[in-house]
Amino acid sequence: MLAYKKIVWLMSFLPLALSSCGEDKGNSRTVYATFFPIYDMAQKIAGDKYEVHSLTPYGQEPHDYEPTAKEIAGMNDCPAILLNGIGLDKWSDSLPEDLKEKSHVVTEGIKTQ
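Each residue of the sequence shown is one higher than the one before, counting from 216 in our numbering.
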């Protein structure tokens, strides 16, 4: 039951994160997600309004991922970056402040054991 509540919370949070992103935060309609589960949910929610890009390449461990300079440059124009949090995407701690402002931790508020 707890897992169900987490999924419902996450599904209700993502539309808020995506809808709060206006054109003034970036020129791109590409939203970045740190790994596949977040990418998949965001893509389903965004539909054709946003292009969603998964940062972690297929087959790579999310814990080991580090963004390339090209990916960070692409994030400069994006309206939102969706992070997992809970230590999975530690690299986000070193993002420039303007990118941190666009970042949304989708697990925020979920209690871990």
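Positions of the beta carbon are idealized from the N, C-alpha and C atoms, including for glycine.
Per DSSP, cross-strand counterpart(s) of residue i
i	result
residue 321	DSSP lists no partner for residue 321.
Under 9 angstroms between C-beta atoms of residue i and residue j
i	j	result
residue 273	residue 245	no
residue 254	residue 290	no
residue 319	residue 298	yes
residue 300	residue 322	yes
residue 243	residue 282	no
residue 296	residue 317	yes
residue 249	residue 304	yes
Counted within 10 angstroms of its Cβ, other Cβ atoms place residue i as buried (16 or more) or exposed
i	result
residue 311	exposed
residue 327	exposed
residue 269	buried
residue 315	exposed
> Which parts of the stretch 242-305 are runs of the beta strand (DSSP E), unbroken and 3 residues or longer, counting only runs that do not cross its ends?
Replying inline: 245-248, 266-269, 296-298
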